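Engineer: For the sequence shown, the UniProt record's numbering assigns the number 1 to the initial residue and increments by one for each residue that follows. Every residue gets a Cβ at the ideal spot worked out from N, C-alpha and C, and that includes glycine. The structure displayed is predicted, hence computed values, not measured ones.
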Amino acid sequence: MTGWLGPEEWQAVALSLRVALWATVLSLPPGIFVAYALARWRFPGKLWLNGLVHLPLILPPVVTGYLLLMLFGAQGPLGRALEAAFGISIAFRWTGAALAAAIMGFPLMVRAIRLSIEAVDPRLEAAAETLGAPRLWVFATITLPLALPGILTGAILAFAKAMGEFGATITFVSNIPGQTRTVPSAIYAFLQVPGAEGAALRLVIVSIVVAMGALLVSELLARRVSARVRGS
Numbered sequence: 001m002t003g004w005l006g007p008e009e010w011q012a013v014a015l016s017l018r019v020a021l022w023a024t025v026l027s028l029p030p031g032i033f034v035a036y037a038l039a040r041w042r043f044p045g046k047l048w049l050n051g052l053v054h055l056p057l058i059l060p061p062v063v064t065g066y067l068l069l070m071l072f073g074a075q076g077p078l079g080r081a082l083e084a085a086f087g088i089s090i091a092f093r094w095t096g097a098a099l100a101a102a103i104m105g106f107p108l109m110v111r112a113i114r115l116s117i118e119a120v121d122p123r124l125e126a127a128a129e130t131l132g133a134p135r136l137w138v139f140a141t142i143t144l145p146l147a148l149p150g151i152l153t154g155a156i157l158a159f160a161k162a163m164g165e166f167g168a169t170i171t172f173v174s175n176i177p178g179q180t181r182t183v184p185s186a187i188y189a190f191l192q193v194p195g196a197e198g199a200a201l202r203l204v205i206v207s208i209v210v211a212m213g214a215l216l217v218s219e220l221l222a223r224r225v226s227a228r229v230r231g232s
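Written as structure tokens, this is what we have:
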């Protein structure tokens, strides 16, 4: 691929993979927790939590990026707090791109995991609890393995979404070559340069291959894990 793509194009692909990987890894634990809470718990504000989780799907991505900039920018409350406490700045950095991508992919992840958890028979969990198993142990040994197809699907969909995220990312971290220029940002930049349509087209092909590959892998893994769970 390094021969087919130019150095700047390959740099954008590598950065997108890095951003998508970290966005998925860091959002998976809270994604599982939130999905389980929405699927199994009853608590005040559950409807609001569900709406908040899915809000990035409804809002224009630019609005999400603007809100992140207001919160995590140099003058934002969370941005100032991180800078003062840990010397960390994420606005206009690849870490900020990972945060924006994680937030945009979070609803897809939570929805897939929630549907998978809801498909687990609650009577299995109740039976284990009546035998004296702690709730955390029941979750780890019964709920989590049975919901694994949905967890894998959610993680892969979130990864694919992170690879293609543009609006929130470019608003929050701009389009800095080598630092925040992911594949979508690079495509946008190439389209503004006369004669660079070939580079944009190559990155479009990469985006399609990655997205389709993610969907196919998600389906295959879900089927394989489901067959294994039913067999056991």
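Whose C-beta lies closer than 6 Å to the C-beta of V173 among residues of the same chain, with five residues either side of it excluded?
Structural biologist: Cβ within range, chain order: F92, G96, A97, T180.
Engineer: Which residue marks the beginning of the alpha helix (DSSP H) containing N50, and which one marks its end?
Structural biologist: Run containing N50: 46-58, per the alpha helix (DSSP H) assignment.
Engineer: For F86, which residues from the same chain have a beta carbon less than 8 Å from its beta carbon, with the 5 sequence-adjacent residues on both sides left out?
Structural biologist: Answer for F86: no residue qualifies.
Engineer: Using a Cβ distance threshold of 8 Å, determine whether the segment 110-119 contacts the segment 26-39, with at least three qualifying pairs required.
Structural biologist: With a cut-off of 8 Å, the segment 26-39 and the segment 110-119 count as touching, because enough Cβ pairs lie within range.
Engineer: Just to confirm, is the Cβ distance from E118 to I142 under 9 Å?
Structural biologist: No.
Engineer: Quick check on P60: buried or exposed, where buried means 16 or more other Cβ atoms within 10 Å of its Cβ?
Structural biologist: The residue in question, P60, is exposed, as its Cβ has fewer than 16 Cβ neighbours within 10 Å.
Engineer: Report, in whole angstroms, the separation of the C-beta atoms of G76 and A162, which I expect to be a contact under 8 Å.
Structural biologist: Not confirmed; about 22 Å, so no contact.
Engineer: Return the Cβ separation of G65 and T171 in integer angstroms, given the expectation that the two are a contact with Cβ distance under 8 Å.
Structural biologist: Their Cβ separation, rounded to whole angstroms, is 3 Å, which keeps G65 and T171 in contact under 8 Å.
Engineer: In or out: V209 buried (at least 16 other Cβ within 10 Å) or exposed?
Structural biologist: Burial call: exposed.
Engineer: Considering only the alpha carbon of each residue, which of L203, F166, V120, W137 lies closest to L99?
Structural biologist: Among L203, F166, V120, W137, the Cα nearest to that of L99 is on F166.
Engineer: Using only the alpha-carbon positions, how far apart do E83 and S89 sit?
Structural biologist: About 6 Å.
Engineer: Buried or exposed: A23, going by 16 or more other Cβ atoms within 10 Å of its Cβ?
Structural biologist: Counting Cβ neighbours within 10 Å, A23 comes out buried, since at least 16 surround it.
Engineer: Take every Cβ of the segment 133-140, pair it with every Cβ of the segment 186-196, and state whether three or more of those distances are shorter than 8 Å.
Structural biologist: Contact between the segment 133-140 and the segment 186-196 is absent, because fewer than three Cβ pairs lie under 8 Å.
Engineer: For E129, which residues in the same chain have their Cβ closer than 8 Å to its Cβ, ignoring the five residues on either side in sequence?
Structural biologist: Counting only Cβ-Cβ distances below 8 Å, and skipping sequence neighbours, we find R135, V138.
Engineer: With respect to the alpha helix (DSSP H) encompassing residue 245, which residues constitute its N-terminal and C-terminal limits?
Structural biologist: Because the chain is modelled from 1 through 232, residue 245 falls outside the range shown and cannot be assessed.
Engineer: Indicate the three-state DSSP secondary structure (helix, strand or coil) for V120 in the structure shown.
Structural biologist: V120 falls in the coil class under three-state DSSP.
Engineer: Let's test the definition: count the other Cβ atoms within 10 Å of the Cβ of I205 and tell me whether it reaches 16, buried, or not, exposed.
Structural biologist: With fewer than 16 Cβ atoms within 10 Å of its Cβ, I205 is classed as exposed.
Engineer: Alpha carbon to alpha carbon, how far is I58 from M212? Give it in angstroms, no decimals.
Structural biologist: Roughly 23 Å between the two C-alpha positions.
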